[in-house]
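Trainee: As given, the protein sequences belong to chains A and B, one line each in that order. Residue numbering for the first sequence follows this note's numbering, beginning at 2 and increasing consecutively. Residue numbering for the second sequence follows this note's numbering, beginning at 13 and increasing consecutively.
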Amino acid sequence: MFDHFPDIKTDQEEQEVFSKEKGEKVFTVSQITRKIRASLEYNFSNVSILGEISNVRKPGSGHIYLTLKDKGSQLQAVVFRNIANKIKFELKDGMEVISFGSVTVYEPRGQYQLIINKIEPKGIGALQLAFQQLKEKLEKEGLFDQAHKKPIPFIPQKIGIVTSPTGAAIKDILNIIDRRFANVEILLYPVKVQGEGAAQEIAEAITELNALTDIDVIIAGRGGGSLEDLWAFNEEVVARSIYNSRIPVISAVGHEIDITIADLVADKRALTPSEAGELVVPRKDLLLDMLEKLNTRLLQSLTGKLRLSKERLVRVANSYAMRQPFDRLRRWQQRLDEFAQRLNINITHALNTEREKLSGIAGKLESLSPLNVLKRGYTITTRLEDNKSLREVKGLNKGDKIKTNFSKGSVISTTLSIEA
Amino acid sequence: MKKPDFETSLKELEEIVEQLETSDLALDETLAKYEKGIKIYKQCYQILEKAEKKINILLKNSTGDIRTEKFKLKKSGDMESFSNEE
């Protein structure tokens, strides 16, 4: 019966056996294995070992089994699940690593092995390696492709920000936005930006903002810190949430020198959170200025055009072509005037002649006037009834009233008798 | 149909102004362009003034329900424990 962790009681109960020849003690396999184990553990606890990884196995248990080797030797090693979960980079065959741990014996098989408590790549930090590995992997998958990057809207109406509500980043971003384009809506999705679970929170926030309908752009980031502090932004889960976001994402992590996986996947990388504020909104004052200038030019060009048109009209009116009809008109007027003048002269002449003729006739008329005859003592008799002058008695009856006109005055009388 | 965005509209307005300034358009064409320009100018202005200043923080209760609340920056001495960046 094999027992991985034999307790002391059974150990004591086992009978000791001595060799017949020399009287030396005889061990059972278990006893000697236990002694070897104790000896190894005593001498080789907390050792650091440099070697190349080979034959990595990762069964469902979560433990990682591997062989460390160099040119001359091999050493079996195991990383238990609780440690394996904390390793940021991926253990791969051929990788040179420094392993920290204790040598022990796996008694059931009598094999000694190294229990690894910590493992680091040789010549490079574990995080750096992890970064490189993830970068390579995601690059191959096309997560950094320029073609996939979405344009950042020029004037967003609503901005989602994924960061700590108490960090430096949110302060910087809000300050810059307020200075450049204050009338914009902002929704802060508060998350842990470092430590256990930070990456999951960030990824979840980005995914959940995508479920809202009115977010135009997302800023995800945090202020500066150590590589460990910034690590959440180098995690695969964050990278994938950014890649899958239908809303454009601006990354804003740490300082300019800190390039994270999030920066590489993001649609736009801001070097700092402050720069994210600059990238996300334009300067409204400049835009208003541009608009007003264009408006002024618009008006000026119109008034200019109108003035030009007016000037042209005047010019055209004064042109020979336009003047010609007026000239003809004037010529006609002149001829009319001439005719009129000639007509005037003739008319006057005719009038004068007629007037002379008339005055001659008038003299004759005057000499023939009955009034002059009357002056010589003649009278004119008229019938009173119809004032008709009477030349003879014919038609006149007894009793008719007649009027006798003298040169001066007249007499009305009644006919007493008619003598023919 | 998607509304024209600010950049496109501004560009169009610039083009109209340049046409009015440089090319020899007939008077009625000039007036038509001017009217269009004024219309675009107003649209651009509206885009700039459309949004309202609002800063909210999203909060979740224990059952995962989401609500928003007006967000105000805390003073620097008031940092929460989990965020010790800078």
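Glycine included, C-beta positions come from ideal geometry on N, C-alpha and C. Please read all numbers here as calculations on a predicted model, not as lab measurements.
For the segment 235-249 of chain A, which residues have a beta carbon sitting closer than 9 Å to at least one beta carbon of chain B?
Mentor: From the segment 235-249 of chain A, no residue has a Cβ closer than 9 Å to chain B.
Trainee: Within 8 Å of any Cβ in chain A, is that where the Cβ of B/E24 sits?
Mentor: By this cut-off, B/E24 is not an interface position.
Trainee: With A/S49 as the anchor, note down where its beta strand (DSSP E) starts and where it stops.
Mentor: 48-58 is the extent of the beta strand (DSSP E) around A/S49.
Trainee: Along chain B, which residues have their Cβ under 9 Å away from the Cβ of A/L156?
Mentor: With the sequence shown as reference, residue 156 of chain A is identified as Ile, and Leu is not the correct amino acid for it. The contacting residues are D17, F18, E19, I59, L60, K62, A63.
Trainee: Please report whether the beta-carbon of B/T141 lies at a distance below 8 Å from any beta-carbon of chain A.
Mentor: Any answer about residue 141 of chain B is impossible in this case: the structure gives chain B only from 13 up to 98.
Trainee: Please determine, among A/G396, A/G168, A/K389, A/T382, the residue with the shortest C-alpha to C-alpha distance to A/T405.
Mentor: For the residues A/G396, A/G168, A/K389, A/T382, the minimum Cα distance to A/T405 belongs to A/T382.
Trainee: Mind checking whether B/A63 and A/Q158 have CB atoms under 8 Å apart?
Mentor: Their beta carbons are under 8 Å apart, which means B/A63 touches A/Q158 by this criterion.
Trainee: What is the residue span of the alpha helix (DSSP H) that A/A221 lies within?
Mentor: Looking at the DSSP string, A/A221 is not in any alpha helix (DSSP H); the run it does join, the beta strand (DSSP E), is 218-223.
Trainee: Over the uninterrupted alpha helix (DSSP H) stretch that includes A/L67, give me the two end residues.
Mentor: Taken as a continuous stretch (DSSP letters only), A/L67 belongs to no alpha helix (DSSP H), being part of the beta strand (DSSP E) at 65-70.
Trainee: Under 8 Å: do the segment 68-83 of chain A and the segment 116-124 of chain A share three or more Cβ pairs, one atom per stretch?
Mentor: As far as the Cβ criterion goes, the segment 68-83 of chain A touches the segment 116-124 of chain A, which means the pair count is three or higher.
Trainee: Mapping DSSP to helix, strand and coil, what is A/T443?
Mentor: There is simply no residue 443 of chain A to check, as chain A begins at 2 and stops at 421 in what is shown.
Trainee: Quick check for students: name the residue ranges of the alpha helix (DSSP H) that lie wholly in the segment 158-205 of chain A, counting only runs of 4 or more.
Mentor: The segment 158-205 of chain A contains these whole alpha helix (DSSP H) runs: 169-181.
Trainee: Among A/I403, A/Y107, A/G24, which residue has its Cα nearest to the Cα of A/S390?
Mentor: Closest by alpha carbon: A/I403.
Trainee: Cα-Cα, which of A/A421, A/K399, A/F132 is closest to A/R392?
Mentor: Among A/A421, A/K399, A/F132, the Cα nearest to that of A/R392 is on A/A421.
Trainee: Over the uninterrupted alpha helix (DSSP H) stretch that includes A/I1, give me the two end residues.
Mentor: Chain A is shown from 2 up to 421; residue 1 of chain A falls before or after that span and cannot be answered.
Trainee: What is the rounded straight-line gap between the Cα of A/R181 and the Cα of A/P249?
Mentor: For A/R181 and A/P249, the distance between alpha carbons rounds to 20 Å.
Trainee: What residues in the segment 277-293 of chain A bring their beta carbon closer than 8 Å to a beta carbon of chain B?
Mentor: From the segment 277-293 of chain A, only K285, L288, L289, M291, L292 have a Cβ closer than 8 Å to chain B.
Trainee: Hey, B/F83 and B/I59: beta-carbon distance below 8 Å or not?
Mentor: No, the Cβ-Cβ distance between B/F83 and B/I59 is not below 8 Å.
Trainee: For chain B, find out if any of its Cβ atoms is closer than 8 Å to the Cβ of A/V185; answer yes or no.
Mentor: At least one chain B Cβ lies under 8 Å of A/V185.
Trainee: What did DSSP end up calling A/F234 once you bin it into helix, strand or coil?
Mentor: Three-state result, A/F234: helix.
Trainee: Can you tell me where the beta strand (DSSP E) with A/Q75 in it begins and where it stops?
Mentor: Segment 75-80, the beta strand (DSSP E) holding A/Q75.
Trainee: Within 8 Å of any Cβ in chain A, is that where the Cβ of B/K82 sits?
Mentor: So, not an interface residue.
Trainee: Could you please give me the residues that DSSP links to A/S103 through a beta bridge?
Mentor: For A/S103, which the question treats as bridged, DSSP gives the partners A/I116.
Trainee: At the level of alpha carbons, what is the spacing between A/P166 and A/V192?
Mentor: Taking the straight line joining both Cα atoms gives about 8 Å.
Trainee: Please classify A/T11 as buried or exposed, where buried requires at least 16 other C-beta atoms within 10 Å of its C-beta.
Mentor: Here the model assigns A/T11 a pLDDT of 48, short of 50, so the residue's position is not dependable, and the following value carries that caveat. Exposed.
Trainee: Skipping 5 residues on each side, what residues in its chain have a beta carbon closer than 8 Å to that of A/H64?
Mentor: Only V79, V80, F81, R82, A85 meet the Cβ criterion.
Trainee: With burial defined as no fewer than 16 other Cβ atoms inside 10 Å of the residue's Cβ, what is the status of A/F90: buried or exposed?
Mentor: So A/F90 counts as buried.
Trainee: I'd like to know whether the C-beta atoms of A/T208 and A/S252 end up nearer to each other than 8 Å.
Mentor: Not in contact: A/T208 and A/S252 (Cβ atoms no closer than 8 Å).
Trainee: Would you mind giving the Cβ-Cβ distance between B/E33 and A/S302, rounded to the nearest angstrom? I have them listed as a contact below 8 Å.
Mentor: That pair is a contact at about 5 Å.
Trainee: Counting only beta-carbon separations shorter than 8 Å, does A/Y190 have a partner in chain D?
Mentor: Absent here is chain D; the protein component of the structure consists of chains A and B.
Trainee: Determine the extent of the beta strand (DSSP E) in which A/R270 is found, giving its start and end residues.
Mentor: Run containing A/R270: 269-271, per the beta strand (DSSP E) assignment.
Trainee: I want to see whether chain B comes within less than 8 Å of A/R181, judged by CB atoms only; does it?
Mentor: No, A/R181 does not count as interfacial toward chain B.
Trainee: Hey, how far is the Cα of A/L135 from the Cα of A/P283?
Mentor: If I take the Cα positions, the gap works out to 34 Å.
Trainee: Consider the Cβ of B/E33: report whether some Cβ of chain A lies at a distance smaller than 8 Å.
Mentor: With 8 Å as the cut-off, B/E33 counts as an interface residue toward chain A.
Trainee: Check distances from the C-beta atoms of the segment 39-54 of chain B to those of chain A and list, in chain order, the residues that come in under 8 Å.
Mentor: Within the segment 39-54 of chain B, the qualifying residues are L39, T42, L43, Y46, G49, I50, Y53.
Trainee: Just grab the DSSP bridge partners of A/E121 for me.
Mentor: Beta-bridge pairing links A/E121 to A/I99.
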